[in-house]
Amino acid sequence: MMKKRNFKYLLVLLFIIMALTITGCTTDTTIDVTYSSELRSDKIADGDSLTVAQFADNTRETGIAGAKNRAGNVGMTYTSTTPIGELVRNTLAEQLEKRGFEVDTMGLWDLNPENINQIKTDLVAGGEIKAFWAENRPGKGQYRIGGTGFGEVSLYIVVVKPDTGEQVWIGEITGGTTQQNLIGSPELEEMLNKAFSEAIDNLLTSSDFIEAITNN
């Protein structure tokens with residue numbers, strides 16, 4: 011009797027495994043990267059217009075994020091819910107609009123001034139994403155229960171007057187974070203959010219950038 015009952019349990023277990031395989035049950039490896047800041051949205055423009063282009067993703071081998079094992083090997087890679095080129099564009103457009111600009115958005119721009127002479131706004135901003143990654147790594151050793159997290163974002167940005175092709179500002183802005191937890195590894199999403207937010211904050215508080223986009 012016991013053997014028959016165990017056999018039934020085994021059949022049920024096999025059925026569940028087959029069902030999960032057929033339905034394609036997979037691990038969710040997306041990260042919802044967001045901008046979060048305590049910066050005040052002080053008005054710096056009055057009627058100035060600016061178009062923000064989608065940023066080119068030039069991160070190449072560097073994935074959006076990865077979880078590493080104790081030996082330092084990537085065990086699982088993660089991607090952003092929103093493509094990072096659109097994420098940077100939308101965040102920058104939203105923040106500049108809060109600061110008084112009339113903002114429009116566009117698709118990818120190759121940063122060649124000759125290709126934007128049809129744009130009617132006062133300025134066009136675009137660029138490339140050089141780095142956009144994070145990782146978490148559990149502590150080494152048999153009895154280590156904590157871990158360390160890292161994150162880095164690097165943005166190359168160009169601002170141009172579309173009517174003349176004049177480049178009014180070029181710069182590379184970075185943001186990064188390192189965090190160590192006593193229990194558990196820091197969340198990848200937290201590392202990316204901190205690095206991304208710091209990069210945008212560094213741009214919005216850059217005196218050279220602000221001067222360039224407000225004195226055109």
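The sequence shown maps to residues 11 to 226 in my numbering.
A virtual CB, placed ideally from N, CA and C, is assigned to each residue, including glycine.
Residue j beta carbon less than 7 Å from that of residue i
| i | j | result |
| --- | --- | --- |
| residue 135 | residue 113 | no |
| residue 146 | residue 55 | no |
| residue 228 | residue 198 | A question about residue 228 goes unanswered here, because the residues of the chain that appear run from 11 up to 226. |
| residue 183 | residue 212 | yes |
| residue 139 | residue 94 | yes |
Neighbourhood of residue i by C-beta, 8 Å cutoff - its chain only, sequence neighbours within 5 removed
| i | result |
| --- | --- |
| residue 173 | 127 |
| residue 46 | 203 and 207 |
| residue 58 | 110, 111, 112, 132, 133, 223, 224 and 226 |
| residue 178 | 133, 169, 170, 171, 222, 223 and 226 |
| residue 216 | 181 and 183 |
| residue 218 | 179 and 181 |
| residue 49 | 211, 214 and 215 |
| residue 105 | 45, 51, 210 and 214 |
| residue 86 | 37, 39, 76 and 77 |
| residue 41 | 74, 75, 88, 89, 90, 91, 198, 199 and 202 |
| residue 165 | 65, 98, 137, 138, 139, 140, 182, 183, 184, 209 and 213 |
| residue 125 | 119 |
| residue 34 | At residue 34 the pLDDT is 43, less than 50, meaning the model places this residue with poor confidence and gives no usable figure here. |
Contacts around residue i, its chain only, beta-carbon distance under 6 Å, and the 5 residues preceding and following it disregarded
| i | result |
| --- | --- |
| residue 123 | 170 and 175 |
| residue 63 | 116, 119 and 136 |
| residue 158 | 147 and 190 |
| residue 144 | 75, 161, 198, 201 and 202 |
| residue 188 | 160 |
| residue 108 | 51 |
| residue 167 | 137 and 181 |
| residue 67 | 94, 95 and 139 |
Other residues of its chain near residue i: CB distance less than 7 Å, five sequence neighbours each side excluded
| i | result |
| --- | --- |
| residue 97 | 43 and 90 |
| residue 103 | 62, 113 and 115 |
| residue 129 | 61 and 172 |
| residue 99 | 62, 63, 64, 65 and 115 |
| residue 101 | 45 and 210 |
| residue 53 | 109 and 110 |
| residue 220 | 54 |
Beta-carbon separation (whole angstroms), residue i vs residue j, contact threshold 8 Å
| i | j | result |
| --- | --- | --- |
| residue 92 | residue 141 | With 8 Å as the limit, residue 92 and residue 141 do not qualify as a contact, their Cβ atoms being about 18 Å apart. |
Count the C-beta pairs between the segment 206-214 and the segment 116-123 that are closer than 8 Å, then say yes if the count reaches three, no if not.
With a cut-off of 8 Å, the segment 116-123 and the segment 206-214 do not count as touching, because too few Cβ pairs lie within range.
For the segment 142-219, which segments carrying the alpha helix (DSSP H) assignment without a break, of at least 4 residues, lie completely within its bounds, in sequence order?
Complete alpha helix (DSSP H) runs here, min 4: 198-214.
Which runs of the beta strand (DSSP E) fall wholly inside the segment 43-71 and span at least 3 residues, in chain order?
Within the segment 43-71, the complete beta strand (DSSP E) runs of at least 3 residues are 59-64.
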